[in-house]
Amino acid sequence: MGEIKTAGELNKKYLREGMWPTIFCNGCGNGVVLEYTFWALEELGLDMDKVAFASGIGCSSRLPGYINADGLHTTHGRAIAFATGLKAANPDLTVIIFTGDGDCAGIGGNHFIHAARRNIDMTVIMINNFIYGMTGGQLAPTTPIGGIATTAPYGNIEHPFDLCVVAKALGASYVARWTVSHPYQPIKSIKEGIQKKGFSYIEFLAPCPTAYGRRNKLGDIQRLWEWYDKNTILIEDYERIMKYGDEKEKERAKKMIQIGVFQDVEKPEFFTEYQKLVERLQGNTITKTSSVKSKKMVVKK
Amino acid sequence: MKYKRDPKRIREVLGDKIQFILGDMACVYGGLLAGCSFFAGYPITPASEVAEGMARLLPRVGGTYIQMEDEIGSLAAVIGASWGGAKAMTATSGPGFSLMMENYGYAVMTETPCVIVNVQRTGPSTGQPTLGAQGDMMQVRWGTHGDFEAIALAPSTVQECMDLTIEAFNLAEKYRNPVCVMTDGEIGHLRERIVIPDEKELKIINRVPATIDKEKFIPFSNSQIQKNSKVPDFPTFGTGYHTYVTGLTHNIYGFPATDKQKDHQELVLRITTKITDDREKLTMVEKLYIDDAKIAVVTYGATARPAETAVEMARRKGIKVGMLRLKLVWPFPIKEIQNLASQVDKIVVPEMNLGQIVHPIREYSEGQCEVVNVPKVGGEMHLPHEIFKYLEGK
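Which chain is which? The protein sequence lines are P and X, in order. If you count the first sequence from 1, position 277 lands on 277 in my numbering, and the numbers rise without skipping. Numbers in my numbering are just positions in the second sequence, counted from 1, shifted up by 1000.
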């Protein structure tokens, strides 16, 4: 740690060479998020033998394949549930999940909700490109109203899903959202998320020029980055406008996507609490009476 | 923090050597004895008692119980735990088993040892939740998409619920495949006497861990440690092997090879033949009066109980009837059925469904004898005379 100064050195250390090149299109945001994650891991100085990745299905879920570490590329939407078992079997592992908006908010929404509610120690990095990219650009739960998708050819009329709000409401320990055009805050957030003993959710707005941008007049990567700039607002700015701004400013702010750290709290973590339960049950009093108790148990049943 | 099987502690938690317990509970006992340290489940009748038993006993032996948000998540967590090095299981019934099909296939494809107890009921759909049936005997074999081999056991007694759950773990660990204990609502909710085996009576098999040089390790190929084994050595996550595990078609290094015909063929042939090569070694049958039989009842699970009574009734009348009970239904015991069909005039197959295992029996009897389907549906077991009438020749 501390020796790595360039992205090239970073990649040499963390990339799984056998998997190169990636499947990603030009202008895709996945590589940027991967790079941010590498920097965060490097700054934390974690032993990569003790870091495990899990993912579901979709472009972003291919990321663990490119990391030189244990990786579980699972079924669509289920990565968080798989990771729950992995963490239970070996609590010493740092578990990081890569997922996309379709994977996490769509098919995997329920697993996400319940892992956040249980506050299971894992870091979920969700890459939100507003679309089902791998399958060719179908409507996602996150597609903005009016957005064009192959299955919403006349414009989306559904209200998009804001997972940061959901994670916060469920009491997840750490919740943040950035866009890939923020170079420093994401690395800090990933670090904080990994260090947090509890459920951490970090969302990235990331471009998909191929499946989303092209159909929404944002195919030019620069225009997509500009879109992020115009359509996102820092939580602090949003709150200030809500307090002191005029009606016009408020209306505009309400239509924007909030970015920043939504939640950063200390809260009992599931497996830590479970371990306490195990220790309580294995304490002296239980051991002494266990044979009596188990006899009773048999009769009662 | 990692689980270590403690035989003394397990027996302390289980209690007396001889007990009178539920079939579902016997599956819990079997799991604990086998060294299961992780259970994830979701409530469903008639399997909930397995989860309840695990919730009560698993933390007392130092393992982890978690109630997941659904059956999809339950099996997902079980597979994740297995990659973390745990022996892991879940329990469910028909509708939950249907939901598990997705990750059942994932466990097959990624060669993940795990155990699924299916306390069967009937369908389609919600069907008869509180009543037993043998609704999933084909789903376990064909329910998930693609080419695969199932390993499925069928207990007929509460004692066997325990014994075959232990066996299920052994087979899962040995073959690196999900193994299903296909019990049913009748056996699951039956109370019987069981005898808990002493430690020295137990045979426990553990997966072969990867121990070779990390640079030379090949994660999805024949074993590099055991000679002539198609089962790869297990690189537990966290041990430094940096394995990539995917449900996509992968080459021997674990990397996606989705457009490679040869890689797919090689992979699918290895993960199926690693089981079918051992078909005869795996065969577990119990024979009753087979030697001179001219008629045979082929049965499994709860149905074996009235079938046995029917066979005894026939024998008392001097009819040469025998019984072949399949304790392991999949991989299908082809040779046993071929031999039996060449010996008898008729095979009678009572099942608590409209006819499932009767099909492979008919297939492998190869026209050598008549094969009669004796279905009973609606959540009631066959009465002995309902089977007996097919033995009398009526």
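Positions of the beta carbon are idealized from the N, C-alpha and C atoms, including for glycine.
Looking at the C-beta of residue i, does it have a partner C-beta in chain P at a distance below 8 Å?
i	result
Pro1059 (chain X)	yes
Phe1255 (chain X)	yes
Phe1097 (chain X)	no
Leu1248 (chain X)	yes
Asn1103 (chain X)	yes
Glu1069 (chain X)	yes
Glu1004 (chain X)	According to the sequence shown, residue 1004 (chain X) is Lys rather than Glu. Chain P, which has no Cβ nearer than 8 Å to the Cβ of Lys1004 (chain X), makes this no.
Ile942 (chain X)	Lying before the first or after the last residue shown, residue 942 (chain X) is absent from chain X, which here runs from 1001 to 1394.
Ala1026 (chain X)	no
Trp1073 (chain X)	Residue identity check: residue 1073 (chain X) is Gly in the sequence provided, not Trp. Yes - at least one Cβ of chain P is within 8 Å of the one on Gly1073 (chain X).
Asn1228 (chain X)	no
Ile1252 (chain X)	no
Thr1258 (chain X)	no
Lys1394 (chain X)	Residue confidence is low: Lys1394 (chain X) scores 49 on pLDDT, short of 50, so the model does not pin down where it sits. Its coordinate-derived value is still stated next. No, Lys1394 (chain X) lies away from the interface with chain P (no Cβ there is under 8 Å from its Cβ).
First and last residue of the alpha helix (DSSP H) that includes residue i?
i	result
Glu1286 (chain X)	Unbroken run through Glu1286 (chain X) is the beta strand (DSSP E), Val1285 to Leu1288; no alpha helix (DSSP H).
Val992 (chain X)	Any answer about residue 992 (chain X) is impossible in this case: the structure gives chain X only from 1001 up to 1394.
Asn231 (chain P)	Ile221 to Asn231
Leu1282 (chain X)	Arg1279 to Leu1282
Asp1163 (chain X)	Val1158 to Tyr1175
His73 (chain P)	Note, His73 (chain P): premise wrong, no alpha helix (DSSP H); beta strand (DSSP E) at Asp70 to His73.
Tyr274 (chain P)	Phe270 to Leu281
Gly1135 (chain X)	Counting along the chain, Gly1135 (chain X) falls outside any alpha helix (DSSP H), and DSSP gives it neither H nor E.
Ser1082 (chain X)	Glu1071 to Trp1083
Asp47 (chain P)	Here Asp47 (chain P) belongs to no alpha helix (DSSP H), and DSSP marks it neither H nor E.
Looking at residue i: is its Cβ nearer than 8 Å to the Cβ of residue j?
i	j	result
Ala1026 (chain X)	Val1158 (chain X)	yes
Phe204 (chain P)	Ala88 (chain P)	no
Cys59 (chain P)	Met134 (chain P)	yes
Gly1031 (chain X)	Met1089 (chain X)	yes
Asn90 (chain P)	Lys1002 (chain X)	yes
Gln1338 (chain X)	Tyr1364 (chain X)	yes
Pro1333 (chain X)	Glu1149 (chain X)	no
His1459 (chain X)	Asn128 (chain P)	Outside the displayed span of chain X (1001 to 1394) sits residue 1459 (chain X), for which this structure offers no information.
Ile1295 (chain X)	Leu1383 (chain X)	no
Phe1097 (chain X)	Gln1139 (chain X)	yes
Thr1045 (chain X)	Pro1129 (chain X)	yes
Val1117 (chain X)	Val1050 (chain X)	yes
Lys1115 (chain X)	Ala1172 (chain X)	According to the sequence displayed, residue 1115 (chain X) carries Val and not Lys. Result yes, Cβ atoms of Val1115 (chain X) and Ala1172 (chain X) sit closer than 8 Å.
Leu41 (chain P)	Tyr14 (chain P)	yes
Leu1282 (chain X)	Val1311 (chain X)	no
Asp92 (chain P)	Ser61 (chain P)	no
Quick one: is residue i near chain A, going by C-beta distance under 8 Å?
i	result
Val1158 (chain X)	Protein chains in the displayed structure are P and X, and chain A is not among them.
So, is the C-beta of residue i closer than 8 Å to a C-beta in chain X?
i	result
Lys304 (chain P)	Given a span of 1 to 301 for chain P in the structure shown, any question on residue 304 (chain P) remains unanswerable.
Asn110 (chain P)	yes
Asp70 (chain P)	yes
Thr142 (chain P)	no
Pro268 (chain P)	no
Gly85 (chain P)	yes
Tyr36 (chain P)	no
Asn30 (chain P)	no
Met122 (chain P)	no
Val298 (chain P)	Note that Val298 (chain P) scores a pLDDT of 42, beneath 50, so its modelled location is shaky; the value from the coordinates is reported in the next line. By this cut-off, Val298 (chain P) is an interface position.
Met126 (chain P)	no
Tyr274 (chain P)	yes
Met19 (chain P)	yes
His114 (chain P)	yes
Phe82 (chain P)	yes
Arg342 (chain P)	Absent from the model: residue 342 (chain P). The displayed extent of chain P is 1 to 301, so no value can be given.
For residue i, report the span of its beta strand (DSSP E) as first-last.
i	result
Ile202 (chain P)	Phe199 to Leu205
Arg177 (chain P)	Tyr174 to Thr179
Ala1152 (chain X)	Ile1151 to Leu1153
Any heavy atom of the ligand MN closer than 7 Å to the CB of residue i?
i	result
Glu249 (chain P)	The model on display carries no ligand, and the ligand MN is accordingly not part of it.
Between the region 255–265 of chain P and the region 233–240 of chain P, can you find at least three pairs of beta-carbon atoms closer than 8 Å?
yes
Can you confirm whether the region 1134–1144 of chain X touches the region 1091–1106 of chain X when touching is taken to mean that 3 or more C-beta pairs between the two stretches lie within less than 8 Å?
yes
Can you list the beta strand (DSSP E) stretches of 3 or more residues lying completely in the region 1362–1389 of chain X, in chain order?
1370–1375
When the Cβ atoms of the region 104–117 of chain P are set against those of the region 1061–1077 of chain X, are three or more pairs found closer than 8 Å?
yes
Examine the Cβ distances between the region 1173–1188 of chain X and the region 1009–1023 of chain X and report whether three or more of them are shorter than 8 Å.
yes
Could you tell me which whole alpha helix (DSSP H) segments of length 4 or greater appear in the region 1250–1324 of chain X?
1261–1276, 1279–1282 and 1304–1316
Do three or more CB pairs link the region 25–39 of chain P to the region 191–206 of chain P at distances below 8 Å?
yes
Decide if the region 1220–1227 of chain X is in contact with the region 1247–1254 of chain X; the criterion is three or more beta carbon pairs, one per stretch, under 8 Å apart.
yes
Across the region 216–227 of chain P and the region 101–108 of chain P, are there enough close Cβ pairs to call them in contact, namely three or more that are closer than 8 Å?
no
Continuous beta strand (DSSP E) assignments of at least 3 residues falling wholly in the region 111–145 of chain P:
122–128
Tell me whether the region 1308–1326 of chain X and the region 1258–1269 of chain X touch, counting them as touching only if at least three CB pairs, one residue from each stretch, are closer than 8 Å.
no
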